[in-house]
Structures are given as C-alpha cells and as structure tokens.
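In the working numbering, the protein residues as written are 1 to 410.
From the three backbone atoms N, C-alpha and C, an ideal C-beta is built for every residue, glycine too.
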C-alpha cells in the first residue's frame, strides 16, 4: 500500500536515487549460447531492453545472461546493443574445478590464474565483466552448505494440498517430508539476522585476505531466491544491507558506480571460457538427450526468422501492409516464449511432469500457424523497404528507429 501498488515504480524511484541499480536480461530468458543465429540472440537482447524501458522508464546498463551462460561472441552482440556490463560465473574467469550453484561436479579445466575479485573488459569489446565470487555465492545459494538449508527455515516442498500453505520447517535436509516439524517464524527471522551478520563478517574477511589492490566481490543471485525458494531471504537481505552500510571495512556499490570510479588503465582484458552456472558449469542442463529434440525445433524456426527480413521487431508495415503486423507480432511473441530456457530446465529436473513439453509445443504450434497466415497474406504482394515501426508498444509512443546495422541486414 505504501508503494501505491506500483512495485516497478517504487524500484525505479530507488534506482533514480542511486540506492539500487536495475538491470535487464534476455526477453524470455532464452539460453543464448545454444541459439543458432545472431539475429535471434539480438532479438532476445533487444526486446529485453525494450521491455525494461517500458516498465521502468529508463535504459538498462547491464544485461544478465540467462543462467550466466556465455559463449565467445556474445560480448560484441550485447555491447553493440548499448549494454555496459554483465555478470559471469567464476568458471568463465578462473577455470579450475567446476562448482556450480547446484554443487560441485567432476568437470575440471586448466586454471587461468585470474582473480574473481575484480572486474575485467571482455575480449575486444567495451563490455565489462563482473565474475561471481564462488565461496561467497555458495554460502547464500547452496541448500546443502548454505544458509537456506538451515533447519529453522520454512520448508518449501511441503505444503497443504488445497491451500498451498506451508506450515513446516526444514527440520532435516535429508529427512522425509513426513518427518518435518512445525515452523516458527520468530525463530526463523532471528536465524536470518544471525546469518546476515555472519555473512557480512565473511565478506569483510574475504576483502581483508584479497590480493587485489581494491577487491571487488560480486555476489549475484536469482531474485526468486529471496522470498520464493528461501522464505526468510528478504529478512536476510535487509539485514545484510543494513550491516554493510555500518561496516568500516567494506562498502556496497552498484555496478555502474564501480565502472565510474575504477581506474581503467589497470583493468585487464580477458577471453572468458564458455560456461554457465549450471551443473558442470557448462550447457549440460539445457542441452542433453531429452532436450535436444526441442533445440532442433527451435533451430528450424530460427532458420525461418533468419532468412526472412520481414520477421523482425522492426518490420516495414505502412499503409496497405499494416494488417500484416498482427501475424508478425504473434509469430515473434510465440517464438520468444518458445525459446524460454525454463522448458529445458524443467525437462532436466523432471519436477513438472509433461508441463514443459506442453508449453513448448503450444508456443511452437502458434508460431507455425502465424507464419502460415503471414505467407498466405504475402503471396503476390510487393513489399516496401521503408517505414520502420516497433514490434511492441514503447509506452511513451516514441518511434523506435532501428540502428544502422538493423536486424534486416543480418
């Protein structure tokens, strides 16, 4: 109520005052390294920015690669879209033994000897890279060795069938759901504050022990961790922010503030390793025997989009051709939704039955139907090569001009 029921507006206000920084991601969280064509990757990147500006009324400086997934060449693409920075998994920078947010794996690559306690420039681009700090991140994320697995916290997986309410605590991370004991929110809140104090202490220790002249410790997580998976997460986060503000040893800062204050003459350029923050720090979760048929269908539709200059978010639809935009909008909207990495993730975990297949196939069918309508409407018609309009409304009504290297030219 204090926000006027406008959560995005409240966040935008905090960002405008420099309290926080808002970044965006690919439009539908598409897994960029596995997409086939640059045009499709740019579609995800660009529409992520358009949607962000429509909601928050400002340009984002940062792009979060879905699943922290990086492959060579992505830096040129996103830097070309005007983004200043991204966050990568520690594996991309330091190599060594893979330790993802899902736990340690057997995969090992030669260590690079680079520190994760600083910022880098990516390859030959102007994109800045913030590597996640593996130990500090694992302390918060891991359900086995991190705070969320504490026995006092609310159990996520046990709920009442009808209401969905959760009345039980973790109790025992290895125990059956039948053994869970009643949840005490007072005890859990106190534990979250204890963990916050412990965490700030660990951050101060890491900064003190760092070999970097001015250590930059990046701790980046999915927003849904705080409050969804980890019910007490917002209490923890609030207390961490409060204690960091009181600390004499470390400061918290937004990425943009760091980029403004850093001495760029001392910043190294690196070529990050292809990686993600998933199992094995590679693409295993999203590309495997079960999900490959999905990718083959995605690639098939990618070929259609890549070969058709008409299927872009900046299609030429003036005058007599305006009725075609509906079919283009439908195709690209369903195409973006079909590319969401959620479907492959849920296939891998097996926690949602046939839901991911049904959603994927539903969006794919809608794509094909919209494309069929478009082809029928275009038969025998000569298309113009001018008058660019946005695919999605901008909110401010401003015309969105394509850059000189527009998608049609790719």
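Exposure label - residue i; buried when at least 16 CB within 10 Å
| i | result |
| --- | --- |
| residue 73 | exposed |
| residue 178 | exposed |
| residue 198 | exposed |
| residue 214 | exposed |
| residue 24 | buried |
| residue 211 | exposed |
| residue 93 | buried |
| residue 137 | buried |
| residue 169 | buried |
| residue 355 | exposed |
| residue 145 | exposed |
| residue 157 | exposed |
| residue 165 | exposed |
| residue 40 | buried |
| residue 46 | buried |
| residue 152 | buried |
| residue 30 | buried |
Closest Cα partner of residue i within the set the options
| i | options | result |
| --- | --- | --- |
| residue 227 | 242, 30 and 154 | 154 |
| residue 58 | 13, 172 and 294 | 13 |
| residue 474 | 119, 129 and 196 | Given a span of 1 to 410 for the chain in the structure shown, any question on residue 474 remains unanswerable. |
| residue 254 | 350, 241 and 191 | 241 |
| residue 90 | 306, 200, 133 and 261 | 133 |
| residue 192 | 238, 261, 33 and 210 | 238 |
| residue 302 | 258, 44 and 11 | 44 |
| residue 260 | 250, 61 and 149 | 61 |
| residue 110 | 247, 331, 274 and 344 | 274 |
| residue 95 | 1, 272 and 175 | 272 |
| residue 250 | 216, 277 and 268 | 216 |
| residue 49 | 21, 142 and 82 | 82 |
| residue 68 | 51, 131 and 246 | 131 |
Integer Cβ distance of residue i from residue j, believed to fall under 8 angstroms
| i | j | result |
| --- | --- | --- |
| residue 218 | residue 87 | 6 angstroms |
| residue 339 | residue 368 | Their Cβ separation, rounded to whole angstroms, is 15 angstroms, which puts residue 339 and residue 368 out of contact at 8 angstroms. |
| residue 79 | residue 126 | 5 angstroms |
| residue 236 | residue 196 | 5 angstroms |
| residue 66 | residue 32 | 7 angstroms |
| residue 128 | residue 84 | 6 angstroms |
| residue 63 | residue 283 | Not really, about 19 angstroms apart at Cβ, beyond 8 angstroms. |
| residue 330 | residue 366 | 7 angstroms |
| residue 180 | residue 171 | 5 angstroms |
Alpha carbon of residue i to alpha carbon of residue j, nearest angstrom
| i | j | result |
| --- | --- | --- |
| residue 423 | residue 27 | Residue 423 is absent from the model: the chain starts at 1 and stops at 410. |
| residue 327 | residue 374 | 6 angstroms |
| residue 122 | residue 334 | 32 angstroms |
| residue 42 | residue 77 | 7 angstroms |
| residue 204 | residue 108 | 29 angstroms |
| residue 290 | residue 347 | 7 angstroms |
| residue 230 | residue 304 | 42 angstroms |
| residue 220 | residue 70 | 16 angstroms |
| residue 161 | residue 190 | 29 angstroms |
| residue 256 | residue 201 | 25 angstroms |
| residue 4 | residue 19 | 19 angstroms |
| residue 194 | residue 223 | 21 angstroms |
| residue 325 | residue 307 | 18 angstroms |
| residue 149 | residue 140 | 10 angstroms |
| residue 207 | residue 113 | 18 angstroms |
| residue 370 | residue 287 | 27 angstroms |
| residue 11 | residue 379 | 47 angstroms |
| residue 358 | residue 281 | 28 angstroms |
Boundaries (first-last residue) of the beta strand (DSSP E) holding residue i
| i | result |
| --- | --- |
| residue 128 | 128-131 |
| residue 86 | 85-88 |
| residue 121 | 120-122 |
For residue i, the first and last residue of its enclosing alpha helix (DSSP H)
| i | result |
| --- | --- |
| residue 81 | No alpha helix (DSSP H) contains residue 81, which DSSP labels as neither H nor E. |
| residue 277 | Element bounds for residue 277: n/a, residue is neither H nor E. |
| residue 369 | 355-378 |
| residue 56 | 38-56 |
| residue 347 | 342-349 |
| residue 139 | 134-141 |
| residue 176 | Segment: none, residue 176 is in no alpha helix (DSSP H) and carries neither H nor E. |
| residue 236 | 233-246 |
| residue 198 | 185-209 |
| residue 20 | Counting along the chain, residue 20 falls outside any alpha helix (DSSP H), and DSSP gives it neither H nor E. |
| residue 325 | 325-338 |
| residue 306 | 292-307 |
| residue 255 | 255-261 |
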